[in-house]
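Student: Dumping the structure here so I can ask a few things about it.
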Amino acid sequence: MKNITFANSINEAIKVAMSIDKNVICYGLGATDPKGIFGTTVGLEEKFGSERVFDMPTSENAMTGVAIGASISGMKTIMTHQRLDFFLLAMDQIVNSAAKMHYMFNGELNVPLTVRLILGRGWGQGPTHSQNLQSWFAHIPGLKVVMPSSAEDAKGLLLSSIFDPNPVIFLEHRWLHNSSSEVPDGDYRIPLGKAKKIKEGNDFTIVSMSYLTAEALIAAKYLKQFGIEVDLIDLRSIKPLDIDTIVSSLSKTGRILVLDTGASTCSVASDIISKLSTKCFSYFKDSPCILTMPDIPEPTSFELTKGFYIRAADIANEILQKLKIENANPYKDIPEPDPHDIPGEWFKGPF
Amino acid sequence: MKNITFANSINEAIKVAMSIDKNVICYGLGATDPKGIFGTTVGLEEKFGSERVFDMPTSENAMTGVAIGASISGMKTIMTHQRLDFFLLAMDQIVNSAAKMHYMFNGELNVPLTVRLILGRGWGQGPTHSQNLQSWFAHIPGLKVVMPSSAEDAKGLLLSSIFDPNPVIFLEHRWLHNSSSEVPDGDYRIPLGKAKKIKEGNDFTIVSMSYLTAEALIAAKYLKQFGIEVDLIDLRSIKPLDIDTIVSSLSKTGRILVLDTGASTCSVASDIISKLSTKCFSYFKDSPCILTMPDIPEPTSFELTKGFYIRAADIANEILQKLKIENANPYKDIPEPDPHDIPGEWFKGPF
Amino acid sequence: MDEKDKFKLIHKSMFNLEENQNSEINEDIIKRTYYMLKKIRSVEERIAEEYPYNEIRCPTHLSIGQEGVPAAISTLVNDHDYFVSTHRGHAHYLAKGGDLNKMIAEIYGKTTGCAGGKGGSMHLIDKQKGFMGTSAIVGNSIPLGVGLALSNKLKKKNSISCIFIGDGAIEEGVFYESLNFAVLKNLPVVFICENNLYSVYSPLSVRQPEGRSINLLAKAIGANVAHADGNNVLESRKVLKEIITKIKTCESGPWFIEFDTYRWREHCGYQFDNHLGYRDENEYLAWKKRDPLELFKKNNQVLIDYGKIDKFIESEIEEAFRKSKTDPFPEKSEAYQKLYAE
Amino acid sequence: MDEKDKFKLIHKSMFNLEENQNSEINEDIIKRTYYMLKKIRSVEERIAEEYPYNEIRCPTHLSIGQEGVPAAISTLVNDHDYFVSTHRGHAHYLAKGGDLNKMIAEIYGKTTGCAGGKGGSMHLIDKQKGFMGTSAIVGNSIPLGVGLALSNKLKKKNSISCIFIGDGAIEEGVFYESLNFAVLKNLPVVFICENNLYSVYSPLSVRQPEGRSINLLAKAIGANVAHADGNNVLESRKVLKEIITKIKTCESGPWFIEFDTYRWREHCGYQFDNHLGYRDENEYLAWKKRDPLELFKKNNQVLIDYGKIDKFIESEIEEAFRKSKTDPFPEKSEAYQKLYAE
Ligand SMILES: Cc1ncc(C[n+]2csc(CCOP(=O)(O)OP(=O)(O)O)c2C)c(N)n1
Ligand SMILES: Cc1ncc(C[n+]2csc(CCOP(=O)(O)OP(=O)(O)O)c2C)c(N)n1
Ligand SMILES: [Mg+2]
Ligand SMILES: [Mg+2]
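Chains as they are written, first to last, in numbering that gives the first Met the number 0: chain A, 0 to 350; chain B, 0 to 350; chain C, 0 to 341; chain D, 0 to 341.
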């Protein structure tokens with residue numbers, strides 16, 4: 000157990016996986032460069048050799064197919080892209096091949112592939128460096144989708160992803176890379192498909208994922224002073240979705256807010272609301288709500304992104320309104336950090 | 000006004016568009032071949048010349064970018080793919096370019112592009128020739144998504160799509176190609192973003208799209224004998240979504256079933272339920288429900304697709320159950336057609 | 000040992016590379032090559048005969064006219080080598096030793112099919128034989144073949160990966176990206192392009208620049224290349240053998256071979272379609288004169304008794320269709336199984 | 000007319016092709032080329048100076064060291080010709096006559112920016128000038144440039160489309176697909192590849208096969224090709240002029256030109272980064288000796304008074320930064336506007 004950052008935890012998970020299984024390989028643009036994909040792949044080439052850890056051509060589609068081909072013949076491949084947005088070039092391979100193969104060949108083949116995609120945001124990432132498309136992947140039968148929210152989870156979930164016999168889309172929010180927590184040593188795994196209860200409370204359920212869990216925690220703390228205790232569920236896996244944990248929380252609180260880092264229409268949040276509305280309607284004491292990014296691309300300008308992201312005050316505000324608590328001013332009490340476009344001083348442009 | 004098939008209606012819409020605007024061009028794999036994309040592009044090359052109507056290399060990604068480039072400089076491009084599944088290769092261009100350009104360049108550029116994607120199903124199309132990914136496109140800010148359900152709508156919506164200044168994903172269900180209806184002559188347009196009320200009723204709202212509207216109509220007729228009158232809304236546009244029409248129907252019936260030709264998780268259906276649950280919860284007299292394809296790829300075998308598709312009996316059954324009418328046996332009364340994998344004798348394999 | 004058993008033996012030993020790698024063309028190879036050539040032809044023709052009865056209910060792309068290359072390679076690879084192929088994959092599946100019964104059953108959508116009925120004609124698989132699947136998306140299986148070669152290289156296996164593609168797949172960016180990577184990493188892979196001049200109804204002229212040589216294009220990307228007459232089976236075999244040997248013994252890196260050939264029937268389905276006018280009847284007739292099967296027989300007249308092999312094949316096919324037709328369909332509930340590997 | 004006005008005139012006439020197309024290199028062209036060369040350098044250096052103050056808050060890729068090709072082409076195109084470019088697009092925007100104030104304002108995220116602050120450094124646009132945008136996705140703007148050329152051809156406009164790319168973009172399948180289509184349709188388009196040997200920190204050796212010639216690859220795809228020293232501005236201009244003339248007068252179809260050049264600073268950002276060790280300091284020094292600006296001045300010593308031009312540029316830049324810094328930010332509500340065209 001040691002206190003390390005999310006990025007180091009990713010790095011460690013890969014190291015552990017590569018140490019215990021020589022069939023694990025790891026590549027991606029910049030995997031072996033001096034920056035090592037925000038530090039997450041630093042030192043791997045030195046340790047495991049350039050046959051197993053390598054840079055690649057800017058050929059996202061073919062390199063995904065190469066990963067699939069390697070994976071169906073017994074390798075366990077970890078491929079990383081510095082932005083999810085670049086991976087749009089590889090949708091044919093991930094959807095028509097990776098996601099389908101096990102089913103379509105009746106179990107003859109399976110694809111133990113982990114695709115690490117880094118979600119951008121802040122510092123003027125703009126419209127094509129900031130997309131959060133988890134709902135796309137969740138919509139495709141055959142894929143698993145994971146979104147860790149802490150250093151500890153990053154390690155445990157990544158190790159499970161790597162050794163999962165199916166293709167896993169592993170989404171890392173860059174704003175988490177420098178956050179840290181106690182992370183168990185060695186081959187530490189957290190099962191995919193199980194959510195984590197971060198906080199227990201009876202008044203309101205918050206379902207969250209990835210970086211938004213950090214914001215939700217701030218909101219939860221703030222809400223306490225109004226006597227509101229929230230049940231905070233971090234999804235960990237987007238697919239398979241741990242609907243049972245959500246349902247059981249809803250059955251207790253009767254009130255729910257689902258957060259999502261992606262655009263609103265056809266989001267994971269809207270899907271969860273639909274599942275609850277169709278399956279356990281009677282549990283609702285009040286109408287459910289969601290907080291997602293708007294159906295708008297992310298603009299670049301510093302000023303245009305002010306107030307653009309979901310943050311603690313939005314979460315608190317939503318819940319206060321739902322509970323009709325009027326003597327609160329969350330936007331004043333939890334002001335947007337200045338500058339608002341970085342998670343902390345460590346996060347510098349230009350990239 | 001004349002009675003023509005859906006395929007002919009598409010053909011006519013393109014002819015009208017190309018006649019009134021010389022900047023309209025039309026291309027796609029097979030656009031000029033003897034079969035003319037299920038008949039929809041037959042005769043166009045002869046009429047408008049091979050500069051404006053042409054076949055193309057099997058290069059879906061670049062050809063989408065070419066369409067975008069042509070469109071930002073004043074052409075209005077119609078590109079067609081015989082299966083939506085092939086278009087997965089072009090997600091970078093459609094999402095990172097077409098969908099973003101107007102916003103990201105602050106209105107300097109716009110992309111009057113229509114992408115016709117044909118949805119397969121039946122006759123063993125199997126896992127990679129039958130995907131219905133409307134929710135993907137709906138999730139992307141900046142795209143419009145259209146799904147006609149009749150010959151008349153096909154013409155009216157396609158003409159509006161072609162002359163819309165934005166990128167439009169136009170999804171044609173192949174099972175509709177041979178259906179026919181009265182279609183107005185000439186430049187007939189139906190506005191995008193407005194749903195169509197197909198049937199008025201006070202007991203239950205059905206929201207439908209594309210081929211499922213045909214099944215919903217059968218179900219509606221069947222339900223009548225139990226005294227159930229449904230309000231049947233055909234979406235026409237998936238995005239922009241005409242939520243107002245849905246809300247006003249729900250406010251009347253209090254009960255709703257949303258159909259979707261796509262997989263369940265993060266579907267358009269689930270999004271509609273979420274919008275209703277969060278915005279007009281109090282209108283629900285009962286929990287809402289959806290009928291979608293399962294979160295499973297479509298298998299190929301004749302036997303495996305039996306009962307796999309949503310059809311009238313499923314729709315009727317869902318509503319009968321919701322209304323707790325027990326003396327009905329829709330599965331017996333509306334048996335699955337045999338063979339179930341074709342919409343009619345005209346639909347023959349192998350393609 | 001009666002004739003039938005003898006041929007079975009041939010069939011069984013067909014994929015034993017060690018035995019045959021270095022042998023010159025001899026009677027055994029002639030027999031086995033003919034067997035495969037004829038088998039592919041006869042299987043495909045039987046499918047064409049059965050198709051109109053509407054029991055085969057999936058898109059089906061026949062290799063009639065294009066049997067030469069698969070037959071040529073069939074005696075050059077073993078179960079540790081990999082094949083990946085396309086929508087037009089029957090011939091490659093059979094050439095790799097894929098089980099005929101399982102292929103026909105798959106086309107009929109039966110539970111005994113190689114993909115349990117889930118995949119159909121466009122999704123054949125025989126992992127035991129190193130046949131790692133076909134794809135219904137043009138170009139889609141190319142990088143998979145490269146990934147298989149990468150895996151072989153990392154595991155230091157002396158095996159190759161063969162990627163079968165058509166001339167249309169050349170137009171997909173993924174072909175270019177995949178070949179670039181294969182060359183970069185010097186992978187043991189052969190790209191085998193069966194150039195049949197058409198993609199569906201589209202001739203090369205509407206898809207690729209005039210004067211384009213596909214193999215020279217591949218060469219500029221960095222592959223070693225060859226170009227051969229795909230309807231001349233023994234010439235094709237010679238080229239393939241040399242190249243496979245080079246890859247296995249000298250680690251020569253990726254090769255790209257363009258084989259000229261021609262599809263006789265419609266792109267998808269069982270009928271002849273020259274009347275549609277997308278290609279010239281004379282072009283078809285000229286290619287038909289160069290039937291790989293007839294040419295092969297003409298060039299190897301005295302050596303073997305083709306009739307006996309033909310009979311054996313007939314019995315194999317008879318059995319495959321008889322079984323497949325009567326084999327059970329999968330349970331409907333199977334449709335919902337095996338989404339994820341456990 | 001005082002000096003300042005004179006230079007302004009130069010600037011204004013810069014994009015008037017008719018006047019200059021057929022002229023040989025003369026004092027006017029030397030002046031205007033130098034002006035652009037120096038302007039790009041000075042603008043980029045000023046951005047580098049300002050970046051650490053954290054007012055520029057978006058990924059920014061400088062062209063310092065790579066000014067040669069943009070300067071060379073700046074006097075050869077007019078407003079009806081199209082440019083598309085990449086993440087490293089400042090130089091191309093300026094070379095096409097893009098408004099400096101609007102570019103700097105865009106980088107500062109101001110409402111006066113060419114994209115109203117929505118795009119930032121990686122999304123420059125000046126439609127009036129025929130500068131049709133840059134993309135932050137490698138290779139993404141290539142087919143757009145081809146589509147622009149298609150549009151020109153269909154409208155029978157005697158204009159060209161220029162696609163600026165790096166050596167990394169060559170690896171994207173979309174490059175290959177786009178060039179194939181451009182050749183197939185004989186489109187009036189020039190692919191201009193500024194080969195600076197690196198993609199981020201990755202040298203060509205980890206991305207493309209040893210011995211690869213990018214321009215010969217393009218040739219095999221079917222383009223007419225040329226290869227020139229991108230740091231030799233007048234040589235580059237000569238090559239570009241010949242090619243642009245050929246396309247405009249003989250409908251010679253697509254050209255691909257590879258220009259050798261080198262980026263001096265880090266891939267993204269304002270700092271020097273050779274200490275990271277991904278490239279050799281000596282390599283950098285050798286290229287720095289071949290500074291396109293210094294070389295240009297050395298070769299054209301007597302002709303012009305550079306100092307005056309420099310001063311004019313300084314004043315332009317001063318004004319652009321002064322204005323951009325004080326220009327208003329867009330209203331927050333703007334973030335939610337202009338998703339769809341009406
Ligand atoms: C990505 C994609 N685009 C289009 C198609 C439709 N399609 C199916 S087979 C085929 C022809 C491909 O031609 P070629 O590669 O020459 O193979 P051949 O059929 O001639 O064997 C096409 C275009 C597809 N399956 N996938
Ligand atoms: C599709 C995609 N993959 C990866 C990236 C990350 N990326 C940004 S710039 C760049 C370098 C491209 O190199 P090159 O084309 O040579 O241009 P240069 O930066 O050298 O001018 C990369 C890989 C991206 N933006 N888009
Ligand atoms: Mg072909
Ligand atoms: Mg470069």
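For glycine and all other residues, C-beta sits at the position ideal for the given N, C-alpha and C.
Just so you know, these numbers come straight off a predicted model, no measurement behind them.
Under 8 Å, Cβ to Cβ, is there at least one residue of chain C near Ile117/B?
Tutor: Along the second sequence, one-based indexing puts residue 117/B at 118. Not closer than 8 Å to any Cβ of chain C, the Cβ of Ile117/B fails to qualify, so no.
Student: Under 7 Å between beta-carbons, which chain E residues line up against Tyr197/D? List them in chain order, please.
Tutor: Looking for chain E here will not work: the only protein chains present are A, B, C and D.
Student: Compare the Cα-Cα distances from Glu181/A to each of Pro287/A, Met208/A, Ser149/A and report the closest residue.
Tutor: Residue 181/A sits at position 182 when you count from the first residue of the first sequence. If we check each option's Cα against that of Glu181/A, Ser149/A comes out closest.
Student: From what residue to what residue does the beta strand (DSSP E) around Asn194/D run?
Tutor: Taking the first residue of the fourth sequence as 1, we reach residue 194/D at position 195. Residues 188 to 194.
Student: Is it buried or exposed, Val188/D, if we count other Cβ atoms within 10 angstroms and call 16 or more buried?
Tutor: In the fourth sequence, counting from the first residue as 1, residue 188/D sits at position 189. Flag for Val188/D reads buried.
Student: Can the beta-carbon of Met292/B be found closer than 8 Å to that of Ile271/B?
Tutor: Taking the second sequence and counting its residues from 1, one reaches residue 292/B at position 293. Taking the second sequence and counting its residues from 1, one reaches residue 271/B at position 272. Against a cut-off of 8 Å, the Cβ pair of Ile271/B and Met292/B comes out as no contact.
Student: Exposed or buried, Cys249/C, counting other C-beta atoms within 10 Å across all chains shown (16 or more means buried)?
Tutor: On the third sequence, residue 249/C is found 250 positions in, with the first residue counted as 1. Cys249/C comes out exposed.
Student: What is the chain-ordered set of residues for which the beta carbon lies under 6 Å from any non-hydrogen atom of ligand 3?
Tutor: Gly165/C, Asp166/C, Gly167/C, Asn195/C, Tyr197/C, Ser198/C
Student: With a floor of 3 residues, list each beta strand (DSSP E) that falls wholly inside the segment 78 to 148 of chain C, ordered by position along the chain.
Tutor: 81 to 84, 130 to 133
Student: Answer yes or no: do Ile191/D and Phe174/D have a C-beta to C-beta separation smaller than 8 Å?
Tutor: Mapped onto the fourth sequence, residue 191/D falls at position 192. Mapped onto the fourth sequence, residue 174/D falls at position 175. Against a cut-off of 8 Å, the Cβ pair of Phe174/D and Ile191/D comes out as no contact.
Student: Should Val137/C be listed as close to ligand 1, given that the test is whether its C-beta is under 7 Å from any heavy atom?
Tutor: Counted from its first residue, the third sequence places residue 137/C at position 138. For Val137/C, the shortest C-beta to heavy atom distance toward ligand 1 is below 7 Å.
Student: Give the interface partners of His60/D over in chain B, defined as CB-CB distance under 7 Å, in chain order.
Tutor: Taking the first residue of the fourth sequence as 1, we reach residue 60/D at position 61. The CB of His60/D never comes closer than 7 Å to any CB in chain B; the least such distance is about 17 Å.
Student: For the alpha helix (DSSP H) containing Phe259/D, list its first residue and its last residue.
Tutor: Residue mapping note: residue 259/D aligns to position 260 of the fourth sequence, counting from 1. What sits at residue 259/D in the sequence shown is Asp, not Phe. Unbroken run through Asp259/D is the beta strand (DSSP E), 254 to 259; no alpha helix (DSSP H).
Student: Would you mind stating whether Thr304/B and Asn177/B have Cβ atoms separated by less than 8 Å?
Tutor: Taking the second sequence and counting its residues from 1, one reaches residue 304/B at position 305. Taking the second sequence and counting its residues from 1, one reaches residue 177/B at position 178. Not a contact, by the Cβ cut-off of 8 Å.
Student: Of all Cβ atoms in chain C, is any one closer than 8 Å to the Cβ of Asn60/B?
Tutor: The residue labelled residue 60/B in the question sits at position 61 within the second sequence. With 8 Å as the cut-off, Asn60/B counts as an interface residue toward chain C.
Student: Counting contacts by CB-CB distance shorter than 8 Å, is Trp135/A in contact with chain B?
Tutor: Reading the first sequence from its first residue, position 136 is the one you call residue 135/A. At a cut-off of 8 Å, the C-beta of Trp135/A has a neighbouring C-beta in chain B.
Student: Which residues in chain D have a C-beta closer than 9 Å to the C-beta of Ile71/B? List them in chain order.
Tutor: For this step, residue 71/B is matched to residue 72 along the second sequence. Residues of chain D passing the Cβ test: Lys126, Met131, Gly132, Leu143, Gly146, Leu147, Ser150.
Student: Which partner residues of Asp230/B appear in the DSSP bridge assignment?
Tutor: Working through the second sequence from its first residue, we reach residue 230/B at position 231. Asp230/B pairs with Thr204/B.
Student: Exposed or buried, what is Leu216/C when buried is set at 16 or more other beta-carbons lying within 10 Å of its beta-carbon?
Tutor: For the purposes of this step, residue 216/C is taken as residue 217 along the third sequence, with counting starting at 1. Buried: at least 16 other Cβ atoms inside 10 Å.
Student: Any Cβ of chain B within less than 8 Å of the Cβ of Lys198/A?
Tutor: If you number the first sequence from 1, residue 198/A lands on position 199. Lys198/A does not count as touching chain B.
Student: Shortest alpha-carbon distance to Ser158/D belongs to which of Gly261/B, Gly121/B, Ser281/B, Ser72/B?
Tutor: Reading the fourth sequence from its first residue, position 159 is the one you call residue 158/D. With respect to the C-alpha of Ser158/D, the residue from Gly261/B, Gly121/B, Ser281/B, Ser72/B having the closest C-alpha is Ser72/B.
Student: What does the alpha-carbon distance come out to for the pair Ile73/D and Lys156/D?
Tutor: Within the fourth sequence, the letter at position 74 stands for residue 73/D. Within the fourth sequence, the letter at position 157 stands for residue 156/D. Reading off the sequence shown, one finds Ser at residue 73/D, where the question assumed Ile. Rounded to whole angstroms, Ser73/D to Lys156/D spans 20 Å at the Cα level.
Student: Tell me whether Gln81/A counts as near ligand 2, meaning its Cβ is closer than 7 Å to at least one heavy atom of that ligand.
Tutor: Taking the first residue of the first sequence as position 1, residue 81/A is located at position 82. True, at least one ligand heavy atom lies under 7 Å from that Cβ.
Student: Determine, using beta carbons only, whether Cys113/C and Lys101/C come nearer to each other than 8 Å.
Tutor: Position 114 of the third sequence, counted from the first residue, corresponds to residue 113/C. Position 102 of the third sequence, counted from the first residue, corresponds to residue 101/C. Yes, Cβ-Cβ distance for Cys113/C and Lys101/C is below 8 Å.
Student: Between which residues of its own chain and Gly123/A is the CB-CB distance below 6 Å, once the five residues before and five after are set aside?
Tutor: The residue given as residue 123/A occupies position 124 in the first sequence. Correct list, in chain order: Thr299.
Student: Hey, is Thr57/A close to ligand 2, as in C-beta under 7 Å from one of its heavy atoms?
Tutor: Mapped onto the first sequence, residue 57/A falls at position 58. Correct: Thr57/A has its Cβ closer than 7 Å to ligand 2.
Student: Could you give the first and the last residue of the continuous alpha helix (DSSP H) run that contains Lys237/C?
Tutor: Position 238 of the third sequence holds residue 237/C. From DSSP, the alpha helix (DSSP H) with Lys237/C extends over 232 to 249.
Student: Tell me which residues of the segment 215 to 227 of chain D have at least one Cβ-Cβ distance to chain C shorter than 8 Å, keeping chain order.
Tutor: Leu215, Leu216, Lys218, Ala219, Ile220, Gly221
Student: Would you mind telling me which residues of chain D sit closer than 8 Å to Ile67/B, beta carbon to beta carbon, in chain order?
Tutor: Within the second sequence, the letter at position 68 stands for residue 67/B. Residues of chain D passing the Cβ test: Pro142, Leu143, Gly146.
Student: For the segment 164 to 175 of chain D, list every residue whose C-beta sits within 8 Å of some C-beta in chain C, in sequence order.
Tutor: Result list: Glu170, Glu171, Gly172, Val173, Phe174, Tyr175.
Student: Is Leu28/B near ligand 1, in the sense that its beta carbon is under 7 Å from a heavy atom of that ligand?
Tutor: To locate residue 28/B, count along the second sequence from 1; it is residue 29. Yes, since a heavy atom of ligand 1 falls inside the 7 Å radius drawn around the Cβ of Leu28/B.
Student: From which residue to which residue does the alpha helix (DSSP H) around Phe320/D run?
Tutor: Locating residue 320/D in the fourth sequence gives position 321, counting from the first residue. Residues 305 to 325.
Student: Report all residues from its chain with a CB closer than 8 Å to the CB of Ile324/B; omit the five preceding and five following residues, and keep chain order.
Tutor: Taking the second sequence and counting its residues from 1, the one referred to as residue 324/B is at position 325. Answer for Ile324/B: Phe225, Ile227, listed in chain order.
Student: Three-state secondary structure (DSSP) at Phe169/A?
Tutor: Numbered from its first residue, the first sequence carries residue 169/A at position 170. Phe169/A: strand per DSSP, three-state reduction.
Student: Would you say Ser300/A faces chain B, with C-beta separation under 8 Å as the test?
Tutor: On the first sequence, position 301 is the one that residue 300/A refers to. So no, Ser300/A is outside the interface.
Student: Flag this pair as touching only if the segment 251 to 270 of chain A and the segment 280 to 292 of chain A have three or more C-beta atom pairs under 8 Å; answer yes or no.
Tutor: yes
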